[in-house]
Amino acid sequence: MTTGALWLIGAGNMGGAMLRGWLGSPGWTRPITVIDPYVAEVPDGVTLLREIPSGDEQPDILVLAIKPQQLGEIAPLFAAKAGAPRLLLSVLAGVETTTLKDVFGADVIVRAMPNLPVSIGEGVTALYSSDADEGARNEAAGLVASLGLVEWVDEEKLFDAVTALSGCGPGFLFRFIEAMAQAGEALGLPAGQALRLATATVKGSALLAAGSNEGPAVLADRVASPGGSTREGLNVLDRDEALKALMRATLSAAAQRNAELAAAARAG
1 MTTGALWLIG AGNMGGAMLR GWLGSPGWTR PITVIDPYVA EVPDGVTLLR
51 EIPSGDEQPD ILVLAIKPQQ LGEIAPLFAA KAGAPRLLLS VLAGVETTTL
101 KDVFGADVIV RAMPNLPVSI GEGVTALYSS DADEGARNEA AGLVASLGLV
151 EWVDEEKLFD AVTALSGCGP GFLFRFIEAM AQAGEALGLP AGQALRLATA
201 TVKGSALLAA GSNEGPAVLA DRVASPGGST REGLNVLDRD EALKALMRAT
251 LSAAAQRNAE LAAAARAG
């Protein structure tokens, strides 16, 4: 891995997760400067600045992990600088590459959509670029490879769908764990025990699905004996495709919000 300086603008939920994932990966040597006026502290070895350096100083790699609505605050600061970052990795939901090019003029721009488990190296990061050659694509993928699964998306218009599925997905799964635990509690289990059981069940089932050559529908049928208790519960989820309809509506709402953010970013 090359060792050019990396600026991480924004170390909140997602930026902080990426930072922890990078620092926890073996062999990480690239110097990191976090620029964030609100974060209380950063790990040892990381430089913390409260504002973007004035003058023409630029990083080798710029990682944007702020809220899309904050782009307008930092755009003038970079517009005033000479030159541009060599590689821009943007985590801004809904902000398209053309908008980023106009603002930063980086040599190569890659959109990234990580999710929260990147903090433990078990996340998903989707990538898209319209101008990266093979070398730049390999570098961008290598930058996030230690954070978990890396998937390139062929069309930028699909980024809203990726963001809704894997980017927002952990939030939906956390809700599912909570609902599953509360359902167990309603059957008489102590709250803490129900939550432990629900969390471990989701964790083990996900690991099993990830390591299996069979699809989740087949795995579900393996658990469900005809006339058994699992089948009776699945009948509730499968009735009128209730669960599938709920997930389609959930992801559709998230994707629509991403599209709205993109429109707002294009409008300036």
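Be aware that the sequence shown starts at 1, since it is given in full-length UniProt numbering, and climbs by one per residue. Beta carbons are placed, not taken as given, at the ideal position from N, Cα and C, and that holds for glycine.
Inset, instruction - On a CA-only basis, which of G135, P114, V223 and L189 is nearest G171? Give me that one, please. - result: P114
Legend entry - Completely contained alpha helix (DSSP H) runs for the region 162–192, where each covers 4 or more residues: 169–186
Legend entry - Given S25 as reference, the closest of T98, A5 and S119 once Cα atoms are compared: S119
Inset, instruction - Take N258 and list the residues in its own chain whose beta-carbon comes closer than 6 angstroms to its own, dropping the five residues that flank it on each side. - result: A93, G94, D160 and T163
Legend entry - Distance between V91 and A145 (C-alpha atoms, nearest Å): 15 angstroms
Inset, instruction - Indicate whether W22 and P59 have their beta-carbon atoms separated by less than 8 angstroms. - result: no
Inset, instruction - In the DSSP assignment, find the beta strand (DSSP E) that holds W7 and state where it starts and stops. - result: L6 to I9
Legend entry - Proximity of T97 and E156 at Cβ, strictly below 8 angstroms: yes
Legend entry - Under the three-state DSSP convention, the category E151 falls into: strand
Inset, instruction - Can you tell me which of T199, A217 and L187 puts its alpha carbon nearest to the alpha carbon of R175? - result: T199
Inset, instruction - Determine the contact status of I32 and V46, defining contact as a CB-CB distance below 8 angstroms. - result: yes
Inset, instruction - Answer with buried or exposed for L100, where buried requires no fewer than 16 other C-beta atoms within 10 angstroms of its C-beta. - result: buried
Legend entry - Sequence-distant residues of the same chain with beta carbon closer than 8 angstroms to P37, five excluded per side: R50 and E51
Inset, instruction - Give me the Cα-Cα distance between D131 and I109, rounded to the nearest whole angstrom. - result: 7 angstroms
Legend entry - L246 burial status per 10 Å Cβ neighbour count (16 or more: buried): exposed
Inset, instruction - Leaving out five residues on either side along the sequence, give the residues of the same chain with a beta carbon under 8 angstroms from the beta carbon of A255. - result: D160, A161, T163 and A164
Inset, instruction - Output yes or no for whether 8 angstroms exceeds the beta carbon distance between A112 and R86. - result: no
Legend entry - Buried or exposed by the 16-neighbour rule on C-beta atoms within 10 Å, applied to L237: exposed
Inset, instruction - Go through its chain and collect everything with a Cβ distance to L243's Cβ below 6 angstroms, but skip five positions before and after it. - result: L237
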